[in-house]
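Peer 1: The following block contains the structure, expressed as structure tokens.
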Amino acid sequence: MRGKGKAVCLGADIDTDLVIAGRYLRTKDRGVWAAHVFEDLDPALARRLAGAVIVAGKNFGCGSSREQAAIALKEAGVIAVAAPVFARIFFRNAVNIGLPLIEADLSCMDGEPVAFDLEAGWVETGGRRKPVRPLSPRMLAILRAGGLVEYWREQR
Amino acid sequence: MSTLAEKILGAAAGEYVDRKVDRAYVHDGTGVLTLEAWKSMGASGLCDPSRLSVIFDHIVPANTGLTAMLQHELREFAASSFMHFSDIGSGICHQCMSEGIVLPGEVVVGADSHSCTLGAFGAFATGVGATDMAAIWMTGETWFRVPATIGIHLTGKLSGAAEAKDCALAYVNQLGMDGATYQALEFIGEGAGHCSIDERLVLCNLAVETGAKAGMFYADHVTAEYLRRFGAAAAEQVPEPCDYMQEITVDLADVVPLVALPPRVDTVKPVHDIAGLPIDQVFVGTCTNGRFSDLARFACIVKGNRVAVRTIVVPASRAVLAEAIRTGVLADIVEAGCVIGTPGCGPCLGTHAGVLGMGEVCLSTANRNFRNRMGVGAEIYLASVATAGASALEGEITEPEVP
């Protein structure tokens, strides 16, 4: 589970309402979620997410269990999200839809390259390599499969 | 010796376990995606539909044709699959599950973050997203990392105009929005024993606002007595000495009416400090404070008076509404000039039935005041039912009087 992208820096305690507002939830059209991702935080952000690794502060994804938050990020082209600690429902949701999460405390410069290898357990940014808090074997297997739907399809 | 979470999950903190889920539920919001994911998994059936519920609460009745269509699809599926189905007007999923369904010791998973509410019964109750729930539909189980636990000692008794909600805001303030991430909260001590089930539901409801995966009370005679009304038997749970990763104390006697300032639940001040702040709307309801005891307390305050700002009251369930009608509480509320909504979540999630306009201010008894949650450019102050009642009458944030 490796990847790389350019950093998009965000602050701490970004809740899932800010990722995708409640007023956009009533649809199955994933494009709607991608189009309005982070609208209430910074409407210009959505256009910068293709190929991005979000480097956020602590407690990213707190609040509502809405899986549309993780889906919106993935649909908008986010490669992975890094944070020192994630809110736990978002943590499961992201892995379940195949969006890699990097649990590490990183300094962030917008646009800087970020590379990671979750199986090897490192993330590299600004020329510095840092260890990543390891995912459980099950979560890695789910990510490797591409998400929980694909994981169960393989199991059956 | 084990914490309650360790005992129910059957393993020590930090271990990963697969556990059978005793009760699993979705609402009209998360159910749509759950159904999609379940179909995509290629599942041929449901593991045990008798343990699964679909409860419509988020947008009830439907606000648009699209919402109605999504609800139609889920309704048809629920009917054909023999799950328990509760249509619009039944109430908030957590409240419905609290009316004699969830029992002590059970593993309960809801596709909603406030599923932690049901820890009030001594169950391990937690929220998940739609795809996790789809796998539970298919297999009847899910994985957990057994959480470490923070012990919250409750001492003394609530006094004056303070309510369980104020105590909840006090501990959220102490722990912070991520103070209990990946952990469970256990409410213990003699103060915990003094709490009614409604008060326990409030305290567990806000656990997720500290990042906790569960908030729990040990089942005792109060639990057993409450469940007996629904014809359910419940064994009491006895706390044993155990290792908490952190312990805090809240003296209930010291709790005063509090308010959480927008846009964070953990930014809390005494109501006294911001009294006089003008408001545009009061909202009483939600999985935090929409129970009969809440409506009754609110009615006591507004009875015989007129509210000074628009005030929306949404009973948490049909049973709550029925009791409010039977006892005259509803008439007192309506005659004071309040608007009654369909049992459910009301405007809390910002999609219908009372969202606010740009620059407006709402005093709400709910559990979240995130930016734009109840309307773009609107602000939400979170407080107790008593503070809501006093503020509704004055049209500004007002300290409640001692009843």
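These protein sequence lines are chains A and B, in that order.
Going by this note's numbering, the first residue of the first sequence is number 1, and it counts up by one from there.
Going by this note's numbering, the first residue of the second sequence is number 1001, and it counts up by one from there.
Built from N, CA and C at the ideal position, the CB exists for glycine as well.
(1) Taking B:Cys1195 as the reference, which of B:Ala1212, B:Ala1180 and B:Tyr1218 has the closest Cα?
(2) Against chain A, with Cβ distances strictly below 7 Å, would B:Gly1357 count as a contact?
(3) With burial defined as no fewer than 16 other Cβ atoms inside 10 Å of the residue's Cβ, what is the status of B:Asn1063: buried or exposed?
(4) Locate the alpha helix (DSSP H) running through A:Ile89, then write down its first and last residues.
(5) Counting only beta-carbon atoms, is B:Asp1266 nearer than 7 Å to chain A?
(6) Quick check: the Cα distance between A:Asp42 and A:Ile14, rounded to an integer number of angstroms?
(7) With DSSP run on the structure shown, which of helix, strand or coil describes A:Gly3?
(8) Between the Cα of A:Trp33 and those of A:Val8, A:Gly3, A:Glu75 and A:Asn93, spot the shortest distance and give me the residue it belongs to.
(9) Where are the alpha helix (DSSP H) runs, 4 residues long or more, that stay fully inside the segment 1306 to 1366 of chain B, in chain order?
(10) Mind listing the chain A neighbours of B:Phe1370? Cutoff is C-beta to C-beta under 8 Å, in chain order.
(11) Select from the segment 96 to 123 of chain A all residues with a C-beta closer than 8 Å to any C-beta belonging to chain B, and list them in chain order.
(12) Counting only C-beta atoms, is A:Gly22 closer than 7 Å to chain B at any point?
(13) Please name the residue in B:Asp1294, B:Ile1248 and B:Arg1326 whose C-alpha comes closest to that of B:Ile1197.
(14) In chain order, what residues of the same chain lie with their CB nearer than 6 Å to the CB of A:Cys9, ignoring the 5 residues before and after it?
(15) Within the chosen definition, does the segment 1111 to 1121 of chain B reach the segment 128 to 140 of chain A through at least 3 CB pairs nearer than 8 Å?
(16) Tell me the DSSP secondary structure of B:Val1191 in three-state form.
(17) In the segment 71 to 89 of chain A, which residues sit with their C-beta less than 9 Å from some C-beta in chain B, listed in chain order?
(18) Are the segment 1100 to 1111 of chain B and the segment 1019 to 1026 of chain B touching, with three or more C-beta to C-beta distances below 8 Å?
(19) Which residue wins for smallest C-alpha separation from B:Val1032, given the options A:Ala35, A:Leu25 and A:Ala145?
(20) Mind listing the chain A neighbours of B:Tyr1244? Cutoff is C-beta to C-beta under 9 Å, in chain order.
(21) Would you report the Cα separation of B:Arg1229 and B:Ala1120, rounded to the nearest angstrom?
(22) Would you say the segment 1260 to 1273 of chain B touches the segment 1340 to 1358 of chain B, given that touching needs at least three Cβ pairs under 8 Å?
(23) Name, please, each residue of chain A whose Cβ falls closer than 9 Å to the Cβ of B:Ala1111.
(24) Could you say if the segment 57 to 64 of chain A and the segment 77 to 95 of chain A meet the contact criterion of at least three C-beta pairs nearer than 8 Å?
(25) Kindly say whether A:Arg138, judged by its beta-carbon, lies nearer than 7 Å to any beta-carbon of chain B.
Peer 2: In short:
(1) Of the candidates B:Ala1212, B:Ala1180 and B:Tyr1218, the one whose C-alpha sits nearest the C-alpha of B:Cys1195 is B:Tyr1218.
(2) Taking Cβ atoms only, chain A never reaches closer than 7 Å to B:Gly1357, which makes this a no.
(3) When all chains shown are included, B:Asn1063 counts as exposed.
(4) Per DSSP, A:Ile89 is one residue of the alpha helix (DSSP H) stretching across Arg88 to Asn96.
(5) At a cut-off of 7 Å, the C-beta of B:Asp1266 has no neighbouring C-beta in chain A.
(6) When rounded, the distance between both Cα atoms is 12 Å.
(7) Of the three classes helix, strand and coil, the one that applies to A:Gly3 here is strand, per DSSP.
(8) It is A:Glu75 whose Cα lies nearest to the Cα of A:Trp33.
(9) Counting whole runs of 4 or more residues, the segment 1306 to 1366 of chain B contains the alpha helix (DSSP H) stretches 1318 to 1326 and 1329 to 1335.
(10) The answer, in chain order, is Asp15, Asp17, Leu18 and Gly63.
(11) The segment 96 to 123 of chain A vs chain B, Cβ under 8 Å: Asn96 and Ile97.
(12) So yes, A:Gly22 belongs to the interface.
(13) Residue B:Asp1294 is the option with its Cα nearest to B:Ile1197.
(14) If we look at A:Cys9 and ignore the five residues flanking it on each side, its Cβ neighbours are Val55, Cys108 and Asp110.
(15) Judged by Cβ distances under 8 Å, the segment 1111 to 1121 of chain B makes no contact with the segment 128 to 140 of chain A, as fewer than three pairs qualify.
(16) A quick correction: the sequence has Gly, not Val, at residue 1191 of chain B. Note: B:Gly1191 maps to helix in three-state DSSP.
(17) Per Cβ criterion, the list reads Ile71, Val85, Phe86, Ala87, Arg88 and Ile89.
(18) Because the criterion of three Cβ pairs below 8 Å is met, the segment 1100 to 1111 of chain B and the segment 1019 to 1026 of chain B touch.
(19) Ranking the options by Cα distance to B:Val1032, first place goes to A:Leu25.
(20) Per Cβ cutoff of 9 Å: no residues; B:Tyr1244 is ~19 Å from chain A at best.
(21) Distance from the CA atom of B:Arg1229 to the CA atom of B:Ala1120, rounded to whole angstroms, is 16 Å.
(22) Result no; under three Cβ-Cβ pairs closer than 8 Å.
(23) What B:Ala1111 touches in chain A: Ser65 and Glu67.
(24) Yes, the segment 57 to 64 of chain A is in contact with the segment 77 to 95 of chain A.
(25) Yes, contact with chain B.
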